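A.B. asks: Protein chains in written order, with this note's numbering: chain A, 279 to 390; chain B, 903 to 1017.
Here's a structure for you.
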């Protein structure tokens, strides 16, 4: 079945550092890929998405590129802020399933 | 994000109580979902409704009973829960155009504690 593997957290960075959160997937067919973010005490918010190979999703300075050859969708940001502290989830949908398959989440803490 | 609202935001209940969680989406979507988020575990899909019809039930115990009276509202009725049911319950909605890859939008969740 489908699966998503994220890098283990927690990740702690200083403000203005470069961020990479790795995400790889296993899926049938051609999945759509998503990054969701969950701020403390809140639900999930869609951060960005990509629906086909080589697409780049971007939002709020975050980027991720759909790499079919490496089955990856790594999240990057060039300069993180304290306000980026949250849990980040990689997810996918594929085939006829309406179910989102989530990774386990990566806790990011950005220190001033 | 105010497109999907959930009430209550927090709920404490005993194992013999009956309570209901409510979700409302203001996005004009035709599909709605219940997810469970427990500590240290990936999000788990519980139920899917499409055009008010339940299309998926991921082996959820019968003490959880969903209800979808229309495309904008979704309920989760709870009775005789167990302490291990304590979790964050998230509602989501999407526009199902048959391609099944549509984006899901989430509500803020209901934090449930079962004593």
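We put the beta carbon where it would ideally sit given N, CA and C, even for glycine.
This structure is a prediction, so every number in the text was calculated from the model and none was measured.
Can you list, in chain order, the residues of the region 330-356 of chain A whose Cβ is nearer than 9 Å to any Cβ on chain B?
C.D. replies: none
A.B. asks: Any beta carbon from chain A within less than 9 Å of residue 977 of chain B's own beta carbon?
C.D. replies: Within the second chain, numbered from 1, the residue matching residue 977 of chain B stands at position 75. Answer no: the Cβ-Cβ gap between residue 977 of chain B and chain A never drops below 9 Å.
A.B. asks: Closest Cβ-Cβ distance between residue 992 of chain B and chain A: below 9 Å?
C.D. replies: If you number the second chain from 1, residue 992 of chain B lands on position 90. Judged by the 9 Å Cβ criterion, residue 992 of chain B is in contact with chain A.
A.B. asks: Spell out whether any CB of chain A is found under 9 Å from the CB atom of residue 1015 of chain B.
C.D. replies: The residue labelled residue 1015 of chain B in the question sits at position 113 within the second chain. Output row for residue 1015 of chain B: interface = no.
A.B. asks: Cβ closer than 8 Å: which chain B residues qualify as neighbours of residue 320 of chain A?
C.D. replies: Here the question's residue 320 of chain A lines up with position 42 in the first chain. Within chain B, the residues near residue 320 of chain A are 1010, 1011.
A.B. asks: Which residues in chain B sit within 9 Å of residue 381 of chain A, going by Cβ to Cβ distance?
C.D. replies: Position 103 of the first chain, counted from the start, is the residue given in the question as residue 381 of chain A. Residues of chain B passing the Cβ test: 944.
A.B. asks: Check for me: the beta strand (DSSP E) holding residue 990 of chain B runs from which residue to which?
C.D. replies: For the purposes of this step, residue 990 of chain B is taken as residue 88 along the second chain, with counting starting at 1. Note, residue 990 of chain B: beta strand (DSSP E), 989-996.
A.B. asks: Is any beta-carbon of chain A found at less than 9 Å from that of residue 914 of chain B?
C.D. replies: Indexing the second chain from 1 puts residue 914 of chain B at position 12. Cβ-Cβ to chain A under 9 Å: no for residue 914 of chain B.
A.B. asks: Which one or two residues does DSSP pair with residue 977 of chain B in a beta bridge?
C.D. replies: As a first step, residue 977 of chain B is located in the second chain; it is residue number 75 there, counting from the start. DSSP output for residue 977 of chain B lists B:924, B:969 as bridge partner(s).
A.B. asks: With distances taken Cα to Cα, identify the nearest neighbour of residue 956 of chain B among B:978, B:913, B:920.
C.D. replies: Residue 956 of chain B sits at position 54 when you count from the first residue of the second chain. The shortest C-alpha separation from residue 956 of chain B is found at B:978.
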